[in-house]
Amino acid sequence: NNLKNQHAQVSNDIREINKHADFVRGWVDWLNSQGPAKFVDAQAVLDRAKTAVETARDNHDKLKNSHKKTIAHIGGQETERNKSLTNANREIDTLMDADRLLADFSASGRSTLTSDSFAAELKGSCRTALDVYAEVQRDIRIKFQRAERELCEVECSTKEFAIGVLNEADQDNSGVGRAARMVRLYDRIPREVVVNVNTSLSTILENISEYRKTIQTFESEVKRFNNELQTGLKRVSRSFERFADFTASVVTDFDKIDFIGKLKLLDDVVLDHRAQHHASYSIHVPSAHTAEALRTFMTALASGTMEINLGQHITLSGSVTDDGNFKTFHSETQLEQISSNGLTAIALIILLSGLLNVIRGSESIYIPWGTDEVDRFDPGNFQRLMQMLQNNLIDVVTASPSLTPAAYEHFAKRYVFQAHGVIAEYRARARTQALPPITGAAQ
593 NNLKNQHAQV
603 SNDIREINKH
613 ADFVRGWVDW
623 LNSQGPAKFV
633 DAQAVLDRAK
643 TAVETARDNH
653 DKLKNSHKKT
663 IAHIGGQETE
673 RNKSLTNANR
683 EIDTLMDADR
693 LLADFSASGR
703 STLTSDSFAA
713 ELKGSCRTAL
723 DVYAEVQRDI
733 RIKFQRAERE
743 LCEVECSTKE
753 FAIGVLNEAD
763 QDNSGVGRAA
773 RMVRLYDRIP
783 REVVVNVNTS
793 LSTILENISE
803 YRKTIQTFES
813 EVKRFNNELQ
823 TGLKRVSRSF
833 ERFADFTASV
843 VTDFDKIDFI
853 GKLKLLDDVV
863 LDHRAQHHAS
873 YSIHVPSAHT
883 AEALRTFMTA
893 LASGTMEINL
903 GQHITLSGSV
913 TDDGNFKTFH
923 SETQLEQISS
933 NGLTAIALII
943 LLSGLLNVIR
953 GSESIYIPWG
963 TDEVDRFDPG
973 NFQRLMQMLQ
983 NNLIDVVTAS
993 PSLTPAAYEH
1003 FAKRYVFQAH
1013 GVIAEYRARA
1023 RTQALPPITG
1033 AAQ
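This is how it looks when you write it as structure tokens:
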């Protein structure tokens, strides 16, 4: 068995050797062909190759890093360029918007803006300018509407003239265009409107001045008459029982009429207008003071007319001390109610006596006065009244069933009306019986 095992081992070794026979021959051939020497040279080449590979690998890494950096830099530049392009497109859109905003305006003058200016700044400047322009337009529109309203709110020739100019055909109907026509209208107003206004105003003011003169003349006549009345009243006794210090004046009450008071405010206006607009062709607009004075006057003239009855504005005014009480009156009605019937009658008789003295003047003219109800006066006042009338050349004629013999003495002629138409003359006697109605004439 050992032998078989050895034989088997040897057989295996031979087979193994035969299996490597080609390798052994190749090794022998390599040795015979100076393989080791060549191996040394190959090692050197290999080492150089390794060094070259390492160098190439280092260069490759450097190139790779450089390429990466270059790609990153290019990417950054591309991003910046894209941003710039986006901004440029946005600027272009902004400028296009600004161009559309300014589409209605033509270029004029030289711009201070340059291509270096930002489009947003340019558009902001445009919007600011447009805001200013819109504000100016709004201000022009408001002023135009106010001026148009002032010129056209009243039906008159000025309104027709203004509408005709403002609505001229083939014209720009924008706010600025209409405002420009308003400017032309303003230039034409002095020659075509103000001249007519001043002419009409001169006529109105002159008529008002003449109207005022008429009233002043009337007031002066009333004052003159009142002065004569006061002279006439000085000749009339005004001292009676319980009734003294009687005064009476004839006055006007124009101050109660509102527009008459406003007329006085126009005196200076008339003088000023005469001085500044002495020529009817004056192109200067009347002053604001003149307009305000006329407006105030026309407002006061609510009835729309200046026609008045002068006679209705004459009234009585005066005073009297009645039984120690001071009383005033400002009309004939108040005078008639100022006291008892008798004292009121005395006041009226005093006033009428003064008026008679005004009519007579310095002439000694006797006036007959037919009256009734003389018995209303108490004896003391009746005596003073009859004496006053006699002193003022007034002969009293009266008829009364109740006169007393004491009153008869104040009449020069006294008659008794009897039955069947008999008229007897009364003569005083020692004792007097009851008598029928008496008629008498003052001495």
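Position 166 of the sequence shown, counted from 1, bears residue number 758 in my numbering, the numbering being contiguous throughout. Every residue, glycine too, gets a C-beta built ideally from N, C-alpha and C. Since the model is a prediction, treat every value here as computed from it, not as a measurement.
Query: Find out if the Cβ-Cβ distance for the pair H922, T844 is shorter than 7 Å.; Result: no
Query: Would you list the residues sitting across from I1015 in a DSSP beta bridge?; Result: F1009
Query: When you compare only the Cα positions, how much space is there between T1031 and A991?; Result: Caution applies to T1031, whose pLDDT of 49 falls short of 50 and renders its modelled position unreliable; the value that the coordinates give is listed next. In a straight line, the C-alpha of T1031 is about 4 Å away from that of A991.
Query: Looking at the C-beta of T963, does it have a partner C-beta in chain D at a distance below 7 Å?; Result: Among the chains of the structure shown, chain D does not appear; only one protein chain is present.
Query: Would DSSP call E608 helix, strand or coil?; Result: helix
Query: Leaving out the 5 sequence neighbours to the left and right, which residues in its chain are closer than 7 Å to K715 when beta-carbon positions are compared?; Result: T686, D689, A690
Query: Which value, in whole angstroms, describes the spacing of the CA atoms of A726 and R770?; Result: 16 Å
Query: Per DSSP, which one or two residues make a beta bridge with V842?; Result: L908
Query: CA-CA distance, N597 and D605?; Result: 12 Å
Query: Compute the Euclidean distance between the alpha carbons of L595 and A629, then round it to the nearest angstrom.; Result: 45 Å
Query: Can you tell me whether N901 is helix, strand or coil according to DSSP?; Result: coil
Query: How would you call N679, buried or exposed, if buried means at least 16 neighbouring beta carbons within 10 angstroms?; Result: exposed
Query: Can you give me the Cβ contacts of L935 inside the same chain, cut-off strictly under 6 Å, excluding the 5 residues immediately before and after it?; Result: F835
Query: Are there 16 or more other CB atoms within 10 angstroms of the CB of G946, so buried, or fewer, so exposed?; Result: buried
Query: Pairs of beta-carbons, one from the region 798 to 807 and one from the region 846 to 856, closer than 8 Å: are there three or more?; Result: yes
Query: Please go through the region 765 to 832 and give each complete alpha helix (DSSP H) segment of 4 or more residues, from N-terminal end onward.; Result: 767 to 781, 787 to 826
Query: What does a CB cutoff of less than 6 Å around N765 pick up in its chain, not counting 5 residues either side in sequence?; Result: none
Query: Checking 7 Å against the spacing of the C-beta atoms, do N949 and S874 come in under that value?; Result: no
Query: Out of P971, V862, Q808, I609, point me to the one whose CA is closest to D847's CA.; Result: Q808
Query: Beta-carbon separation of I942 and F838 under 7 Å?; Result: yes
Query: Name the DSSP beta bridge partners of D691, please?; Result: DSSP, once it has assigned bridges, lists no residue as partnering D691.
Query: Out of T750, L944, D964, which one is the CA nearest neighbour of V842?; Result: L944
Query: Which partner residues does T913 have in the DSSP bridge list?; Result: A836, F918
Query: Taking Cβ to Cβ, would you say V775 is nearer than 7 Å to T750?; Result: no
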